[in-house]
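In the numbering used here, the protein residues as written are 64 to 422.
Working notes, structure below.
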């Protein structure tokens, strides 16, 4: 089943997030759930508060899911973790419009809001700034970040049980981490604060964009951490790989597309390929055998990966030719022949919102 999430923000009604399951063989809808977003929840970039929900709702209204670049790429890890494992609850960041204090909570499909953060202290101090709310997949806690007036950020979690006690997980300097988000991985779960974090299936690695270093492969620490220069053990992806990471096809190989939307190598134009991260040695040179050959033929189409199958053997991509948008499925193998998805319902499934899981 392919699971998509989309956001609708009507002018005079509460925002809604719809999670829909689709059968990838027939593109028939199999299940759908709708979350009514509380009025105090952060959904707009104008609030200047970080939340995966803001990313989901940005330019993501029915009928407006396609830009000149086509639909958005397969979602990064934190968008999936906006929801718990069975998509019955959604994490939210709540804002007090008067004080601008923020806290975290969650909403269920009945519309019930549960606040996890307590009332702000009456003592003289910083305004609470809890952001980046994501769900532990076992549903036991909502994780978040909080940045103080000295630009220190902490990673913490609040339990759904009892008094919603807060547990601090990590703390560090937030310099040069504008636009970073929180992603969770592993068992026991850890939180990683970074940019464009995509965690491998076994949780042992992640790709991330690190300021001053570009795209990197990070060996996920045993504790929560900030993905930044000198913050974690990271291996830079050589420029010769020309890799914008879309996600992982297995625990070693990353699916790549052209880093800047175009490539100097004609055979890779608007194509995809894999990068074997186990071969990277930390140097600027691309190791022999690390880069796979192009998966789909080079064309002048704008192609964007929308989903990667759980076994890593298939991908679905959007292909924009002029203003015509089409969807194709392809094997994740060099020289594959893409097959056009002709089912009419696929346009509805793949043309709007984000694909958050293929299970």
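Think of the CB as a built atom: it goes at the ideal place given N, C-alpha and C, for glycine as much as any other residue.
Rounded to the nearest angstrom, what separates residue i and residue j at their Cα positions?
| i | j | result |
| --- | --- | --- |
| residue 248 | residue 284 | 10 Å |
| residue 392 | residue 405 | 11 Å |
| residue 381 | residue 396 | 18 Å |
| residue 69 | residue 120 | 7 Å |
| residue 336 | residue 253 | 30 Å |
| residue 402 | residue 370 | 15 Å |
| residue 67 | residue 144 | 13 Å |
| residue 71 | residue 383 | 24 Å |
| residue 92 | residue 84 | 6 Å |
| residue 88 | residue 418 | 16 Å |
| residue 168 | residue 303 | 44 Å |
| residue 104 | residue 225 | 23 Å |
| residue 217 | residue 141 | 17 Å |
| residue 148 | residue 318 | 24 Å |
| residue 153 | residue 82 | 10 Å |
| residue 273 | residue 102 | 34 Å |
| residue 259 | residue 281 | 12 Å |
| residue 250 | residue 420 | 19 Å |
| residue 352 | residue 340 | 11 Å |
| residue 95 | residue 328 | 43 Å |
| residue 179 | residue 155 | 10 Å |
| residue 387 | residue 265 | 37 Å |
| residue 199 | residue 205 | 6 Å |
| residue 73 | residue 312 | 37 Å |
| residue 106 | residue 221 | 21 Å |
Residue i: beta carbon under 8 Å from a heavy atom of the ligand MN?
| i | result |
| --- | --- |
| residue 306 | Absent from the structure shown: the ligand MN. Ligands present: none. |
Less than 8 Å between the CB atoms is what I'm expecting for residue i and residue j, so what's the real figure, rounded?
| i | j | result |
| --- | --- | --- |
| residue 239 | residue 291 | 7 Å |
| residue 422 | residue 64 | 5 Å |
| residue 137 | residue 309 | 6 Å |
| residue 202 | residue 223 | 7 Å |
| residue 229 | residue 246 | Actually they do not touch by this definition, with Cβ atoms about 19 Å apart. |
| residue 300 | residue 338 | 7 Å |
| residue 287 | residue 233 | 4 Å |
| residue 98 | residue 112 | That pair is no contact at about 18 Å. |
| residue 190 | residue 164 | 5 Å |
DSSP on residue i, reduced to helix/strand/coil?
| i | result |
| --- | --- |
| residue 289 | strand |
| residue 143 | helix |
| residue 417 | strand |
| residue 213 | coil |
| residue 257 | strand |
| residue 342 | helix |
| residue 138 | coil |
| residue 99 | strand |
| residue 328 | coil |
| residue 306 | coil |
| residue 119 | helix |
| residue 348 | coil |
| residue 314 | coil |
| residue 219 | strand |
| residue 411 | helix |
| residue 159 | coil |
| residue 108 | helix |
| residue 274 | coil |
| residue 387 | strand |
| residue 232 | strand |
| residue 320 | strand |
| residue 67 | strand |
| residue 380 | strand |
| residue 394 | strand |
| residue 367 | strand |
| residue 224 | coil |
| residue 297 | strand |
| residue 422 | coil |
| residue 244 | strand |
| residue 82 | strand |
| residue 198 | strand |
| residue 337 | strand |
| residue 269 | strand |
| residue 282 | strand |
Which residues share a DSSP beta bridge with residue i?
| i | result |
| --- | --- |
| residue 150 | Looking at the DSSP assignment, residue 150 forms no beta bridge with any residue, so it has no partner. |
| residue 175 | Its beta-bridge partners do not exist; DSSP assigns none. |
| residue 90 | Residue 90 is not bridged to any residue. |
| residue 169 | 154 and 177 |
| residue 193 | 209 |
Quick one: is residue i near chain C, going by C-beta distance under 9 Å?
| i | result |
| --- | --- |
| residue 226 | Here chain C cannot be found, since the structure has a single protein chain. |
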